[in-house]
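Note sheet for the following structure.
In mature numbering (1 follows the signal peptide of the UniProt record, and there is no 0), the protein residues as written are -18 to -1, 1 to 149.
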């Protein structure tokens, strides 16, 4: 439980002054094998909610603005010029002390889906991922054999929206 609170508080230094536009949204959800649950989230407007057995509350923070350089998978950042719109970390402790969870990152890129897919494919393959094309995206495993997907959709012109999911 404490790890959720610490993760949420670790997001606070990332806050940057808003410019009137919405920032990135973040959430961390955790539960242990005893059924205890906690969570923390920061919405795109800067409202942070923390719900743990130790503390419950809301606070307003400056909006978070994150770009390609603020995200790293084995040395691979997002496609250049991309901006992160959301991140969800779901951490669950299963019976038998097995850690299980998922990280999901949503982002916008200034290039067509096929351009972004091909860029990721080259960079992630070099980082030890095993990937195959799946439509405009990718599917496969990380260098640690964890399931990985990249979904990309066009967003008018030469832009795209993406979702990275790592199990």
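Every residue gets a Cβ at the ideal spot worked out from N, C-alpha and C, and that includes glycine.
Is it buried or exposed, residue 93, if we count other Cβ atoms within 10 angstroms and call 16 or more buried?
Counting from 1 along the chain shown, the entry for residue 93 is found at position 111. So residue 93 ends up on the buried side.
Considering only the beta carbon of each residue, do residue 118 and residue 106 sit closer than 8 Å?
Taking the first residue of the chain shown as position 1, residue 118 is located at position 136. Taking the first residue of the chain shown as position 1, residue 106 is located at position 124. The answer is no: Cβ separation not under 8 Å.
What separation, rounded to the nearest whole angstrom, lies between the Cα atoms of residue 112 and residue 51?
The residue given as residue 112 occupies position 130 in the chain shown. The residue given as residue 51 occupies position 69 in the chain shown. Cα to Cα, residue 112 sits roughly 23 Å from residue 51.
Among 71, 87 and 137, which has the Cα closest to the Cα of residue 53?
In the chain shown, residue 53 corresponds to position 71, counting from 1. It is 87.
Look at the alpha carbon of residue 129 and the alpha carbon of residue 70, and state the distance between them as a whole number of angstroms.
To locate residue 129, count along the chain shown from 1; it is residue 147. To locate residue 70, count along the chain shown from 1; it is residue 88. Cα to Cα, the separation comes out at about 16 Å.
How would you call residue 142, buried or exposed, if buried means at least 16 neighbouring beta carbons within 10 angstroms?
Position 160 of the chain shown, counting from 1, holds the residue named residue 142. Buried.
Length of the line joining the Cα atoms of residue 67 and residue 144:
Within the chain shown, numbered from 1, the residue matching residue 67 stands at position 85. Within the chain shown, numbered from 1, the residue matching residue 144 stands at position 162. Rounded to whole angstroms, residue 67 to residue 144 spans 10 Å at the Cα level.
With residue 105 as the anchor, note down where its alpha helix (DSSP H) starts and where it stops.
Position 123 of the chain shown, counting from 1, holds the residue named residue 105. Taken as a continuous stretch (DSSP letters only), the alpha helix (DSSP H) holding residue 105 covers 95 to 108.
In the DSSP assignment, the beta strand (DSSP E) including residue 115 goes from what residue to what residue?
Translated into positions along the chain shown, residue 115 becomes position 133. Run containing residue 115: 112 to 116, per the beta strand (DSSP E) assignment.
If I measure Cβ to Cβ from residue 122 and keep anything under 7 Å in the same chain, skipping five residues before and after, which residues do I get?
Your numbering for residue 122 matches position 140 in the chain shown. Here the set comprises 111, 112, 113, 114 and 130.
Taking the alpha carbon of residue 103 as the point to measure from, which residue in 49, 146 and 48 has its own alpha carbon closest?
By 1-based counting over the chain shown, the position of residue 103 is 121. It is 146 whose Cα lies nearest to the Cα of residue 103.
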